[in-house]
Amino acid sequence: MTQEKRKYAVVDLEATSASSNAKIIQVGIVLIENGQIVKTYETDVNPHEKLDSHICQLTGLTDKRLRRAPDFSQVAREIYELIEDAIFVAHNVKFDANLLAEALFWEGFELVTPRVDTVELAQVFFPTFEKYNLGILCEQLDIPLKHAHTALADASATATLFLKIQEKIQKLPKELVEYLLKFSDSLIYESRLAIEDAFNQMSDITFHDLMKWQGIFLRKSKKFKKCENCPKISLITSICWI
1 MTQEKRKYAV
11 VDLEATSASS
21 NAKIIQVGIV
31 LIENGQIVKT
41 YETDVNPHEK
51 LDSHICQLTG
61 LTDKRLRRAP
71 DFSQVAREIY
81 ELIEDAIFVA
91 HNVKFDANLL
101 AEALFWEGFE
111 LVTPRVDTVE
121 LAQVFFPTFE
131 KYNLGILCEQ
141 LDIPLKHAHT
151 ALADASATAT
161 LFLKIQEKIQ
171 KLPKELVEYL
181 LKFSDSLIYE
191 SRLAIEDAFN
201 QMSDITFHDL
211 MKWQGIFLRK
221 SKKFKKCENC
231 PKISLITSIC
241 WI
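So in UniProt numbering, spot 98 of the sequence shown is number 98, and the numbers just go up one at a time.
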């Protein structure tokens, strides 16, 4: 019997810089419920300061455009009400969650949601990738990202990445995912919740290309062959990281 899935708010912020005292200039939010994207939200935010030329080139935003945007105080309540009861998901969640939580705090809203980092999840479930920035992950996993460094485009790509990771988890042996959960408290954020959610949706019967041998999960070769008289395994192509 599967359990009801949690609600996730996938968030991306564009800001005046990457420092802790940066000001938000754009917010993108994608809400996921029961494994489906159910709502998106985006807004520009007036930082009341001139943008650095690098930020203009990176995001496509201009001082003229942001002068017409609402102050953060005008959109704070709407943003808070969208995400207050959800698990906060982001790519490099520390930056987005801390910056948004501080901005909301100064408007009288305390954001205390659990945090899930898609960088952390991707490192666990796609361990052979060399890099984990959003653009490269999108290329590797065929995720559309047409307007990188705009908040909603990045949030949408991150949401798709998150769903692909959960799909990957559900294709693994249930015993392996259960094993991973035993060690998931060592993750930096509450990314365990996403693994747990996917685990709860798994059937007791799963179809995958892994096999367990002497306590290690191995990927089956297309030319897998087992000796009749011994436990030797031939032509194993790779080991599944656990």
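Note that the Cβ used here is the ideal one computed from N, Cα and C, for glycine as well.
Mind checking which residues open and close the alpha helix (DSSP H) that includes Gln74?
Counting from 1 along the sequence shown, the entry for residue 74 is found at position 74. From DSSP, the alpha helix (DSSP H) with Gln74 extends over 72 to 83.
Report buried or exposed for Ile29, applying the criterion of at least 16 other Cβ atoms within 10 angstroms of its Cβ.
The residue labelled residue 29 in the question sits at position 29 within the sequence shown. Note on Ile29: 16 or more other CB atoms within 10 angstroms of its CB, so buried under the neighbour-count rule.
Using CA atoms only, rank isn't needed, just tell me which of Ile195, Leu187, Ser156 is closest to Glu175.
Within the sequence shown, the letter at position 175 stands for residue 175. Closest option to Glu175, judged by alpha-carbon separation, among Ile195, Leu187, Ser156: Ile195.
Locate the beta strand (DSSP E) running through Tyr189, then write down its first and last residues.
The sequence position of residue 189 within the sequence shown is 189, counting from 1. From DSSP, Tyr189 is part of no beta strand (DSSP E); its letter is neither H nor E.
Arg77 to Phe109 span [Cα, whole Å]:
As a working note, residue 77 is residue 77 in the sequence shown. As a working note, residue 109 is residue 109 in the sequence shown. Each residue's Cα considered, the two are about 8 Å apart.
Would you mind sorting residue 280 into buried or exposed? The rule is 16 or more other CB atoms within 10 Å of its CB.
As displayed, the chain neither begins before 1 nor continues past 242, which places residue 280 out of reach and without an answer.
How is the alpha helix (DSSP H) around Phe105 delimited, first residue to last?
As a working note, residue 105 is residue 105 in the sequence shown. Boundaries of the alpha helix (DSSP H) around Phe105: 93 to 105.
Coil, strand or helix - Ala122 by DSSP
In the sequence shown, residue 122 corresponds to position 122, counting from 1. In the three-state reduction of the DSSP assignment, Ala122 falls in the helix class.
Lys64 - DSSP class collapsed to helix/strand/coil:
Counting from 1 along the sequence shown, the entry for residue 64 is found at position 64. Residue state for Lys64 is assigned as helix, using DSSP reduced to three classes.
Opposing strand residues paired with Tyr132 [DSSP bridges]
As a position in the sequence shown, residue 132 is number 132, starting the count at 1. Partner residues in a beta bridge of Tyr132, as assigned by DSSP, do not exist.
Secondary structure of Ile143, DSSP reduced to three states
Locating residue 143 in the sequence shown gives position 143, where the first residue counts as 1. In this structure, DSSP gives Ile143 a state outside helix and strand, which the three-state scheme calls coil.
Leu152 vs Glu42 beta-carbon contact at 8 Å:
Against the sequence shown, residue 152 aligns to sequence position 152. Against the sequence shown, residue 42 aligns to sequence position 42. Closer than 8 Å, so yes.
In terms of residues, what are the limits of the beta strand (DSSP E) holding Ala9?
Residue mapping note: residue 9 aligns to position 9 of the sequence shown, counting from 1. That run of the beta strand (DSSP E) goes 7 to 15.
On the criterion of 16 or more Cβ atoms from any shown chain inside 10 Å, does Phe88 qualify as buried, or is it exposed?
Position 88 of the sequence shown, counted from the first residue, corresponds to residue 88. By the neighbour-count criterion, in which 16 or more other beta carbons inside 10 Å mark a residue as buried, Phe88 falls on the buried side.
DSSP three-state call for Phe109: helix, strand or coil?
The residue you call residue 109 lines up with position 109 of the sequence shown. If DSSP states are grouped into helix, strand and coil, Phe109 belongs with coil.
CA-CA distance, Ala97 and Arg115?
Start at 1 with the first residue of the sequence shown, and residue 97 comes out as number 97. Start at 1 with the first residue of the sequence shown, and residue 115 comes out as number 115. Distance between Ala97 and Arg115, taken at the CA atoms: about 8 Å.
Runs of beta strand (DSSP E) lying entirely within the region 30 to 65, each at least 3 residues, in chain order:
Along the region 30 to 65, the beta strand (DSSP E) occurs as fully enclosed runs of 3 or more residues at 36 to 44, listed in sequence order.
Straight-line Cα distance separating Leu193 from Arg68:
Stepping through the sequence shown from its first residue, residue 68 is reached at position 68. Stepping through the sequence shown from its first residue, residue 193 is reached at position 193. Arg68 and Leu193 have their C-alpha atoms some 39 Å from each other.
Let me know the secondary structure DSSP gives Ala18 once reduced to three states.
Here residue 18 corresponds to residue number 18 of the sequence shown, with the count starting at 1. Three-state result, Ala18: coil.
Contact defined as beta carbons within less than 8 Å: I believe Thr113 pairs with Leu134. What is the distance between those atoms, to the nearest angstrom?
Locating residue 113 in the sequence shown gives position 113, where the first residue counts as 1. Locating residue 134 in the sequence shown gives position 134, where the first residue counts as 1. For Thr113 against Leu134, the beta-carbon gap comes to about 21 Å, at or over 8 Å, which does not count as contact.
Judging by CA-CA distance, which residue of Ile37, Ile55, Asn92, Asp197 is the nearest neighbour of Glu178?
Taking the sequence shown and counting its residues from 1, one reaches residue 178 at position 178. With distances taken between Cα atoms, Glu178 lies closest to Asp197.
First and last residue of the alpha helix (DSSP H) that includes Ala69?
One-based indexing of the sequence shown puts residue 69 at position 69. Looking at the DSSP string, Ala69 is not in any alpha helix (DSSP H), and its letter there is neither H nor E.
Report, in whole angstroms, the separation of the C-beta atoms of Thr118 and Ile165, which I expect to be a contact under 8 Å.
Against the sequence shown, residue 118 aligns to sequence position 118. Against the sequence shown, residue 165 aligns to sequence position 165. Going by Cβ atoms, the distance from Thr118 to Ile165 rounds to 7 Å, so yes, they are a contact pair.
Would you identify the three-state DSSP class for Ala148, choosing helix, strand or coil?
Counted from its first residue, the sequence shown places residue 148 at position 148. In the structure shown, Ala148 sits in coil (DSSP, three-state: anything other than H, G, I, E or B).
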